[in-house]
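**Student:** In this note's numbering, the protein residues as written are -13 to 172. C-beta: ideal position from N, C-alpha, C; glycine also. Below you will find the structure I want to go over with you.
Put into structure tokens, the structure is as follows:
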């Protein structure tokens, strides 16, 4: 394998990036959604996730003020709405009304969830890490909601590969076939 030195380092060489819809709410109760292309699991115990948001974004201020947010994992059926939520500003329009998505009441946080998404996580903001163009907001997952179609007969989460959406090179993509399970070399 021949590798080429890249003069300009870029986070885009780290791929793929899961596509998520982060839901939040204003202090006067107006729900909002922001599309996030940089997110990750941070810890399994306690369960935490991180999302990268520019501090100038409208949603950033809402999350900081409320202290919570929802991480909603869209399926292919929500892709058009997810794309629109990425370029519309919640300061100017109601993204739920504009996209036809439904704000669903959460159980443990003030921010709503996106009813149409197959997976929704309720997160309490526990840390903000300033990094440069974006801040990394870390939330502890305090409740989770999963479409029963994604559970196996024993109630374990078994997502379908065709459901997972990713951001890659300016495109939206789906994950491919399973090639092995964890620890398959044991």
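Within 8 Å, do at least three Cβ pairs link the stretch 129 to 145 to the stretch -13 to 1?
**Tutor:** Not touching, per the Cβ criterion.
**Student:** Going by DSSP, what residues sit across from residue 158 in a beta bridge?
**Tutor:** Here residue 158 is taken as the residue at index 172 of the chain shown, counted from 1. 153, per the DSSP bridge assignment.
**Student:** Touching or not, the stretch 74 to 82 and the stretch 158 to 168, by the rule of three or more beta carbon pairs under 8 Å?
**Tutor:** no
**Student:** Do residue 4 and residue 56 count as a contact pair if the criterion is CB distance below 8 Å?
**Tutor:** Residue 56 sits at position 70 when you count from the first residue of the chain shown. Residue 4 sits at position 18 when you count from the first residue of the chain shown. No, they are not a contact pair.
**Student:** What is the DSSP secondary structure of residue 114, counted as helix, strand or coil?
**Tutor:** In the chain shown, counting from the first residue as 1, residue 114 sits at position 128. If DSSP states are grouped into helix, strand and coil, residue 114 belongs with the strands.
**Student:** Would the beta-carbon of residue 8 fall within 8 Å of that of residue 45?
**Tutor:** As a position in the chain shown, residue 8 is number 22, starting the count at 1. As a position in the chain shown, residue 45 is number 59, starting the count at 1. A contact, by the Cβ cut-off of 8 Å.
**Student:** What number of angstroms, rounded off, separates the C-alpha of residue 32 from the C-alpha of residue 62?
**Tutor:** By one-based count along the chain shown, residue 32 stands at place 46. By one-based count along the chain shown, residue 62 stands at place 76. Between residue 32 and residue 62, the C-alpha separation is close to 29 Å.
**Student:** How about the stretch 62 to 76 and the stretch 106 to 114: do they share at least three Cβ pairs that are nearer than 8 Å?
**Tutor:** no
**Student:** Look at the Cβ atom of residue 153, then the Cβ atom of residue 2, and state whether they are nearer than 8 Å.
**Tutor:** Residue 153 sits at position 167 when you count from the first residue of the chain shown. Residue 2 sits at position 16 when you count from the first residue of the chain shown. It is a contact, given that the beta carbons lie within the stated cut-off.
**Student:** First and last residue of the alpha helix (DSSP H) that includes residue 48?
**Tutor:** Within the chain shown, the letter at position 62 stands for residue 48. Counting along the chain, the alpha helix (DSSP H) containing residue 48 begins and ends at 44 to 52.
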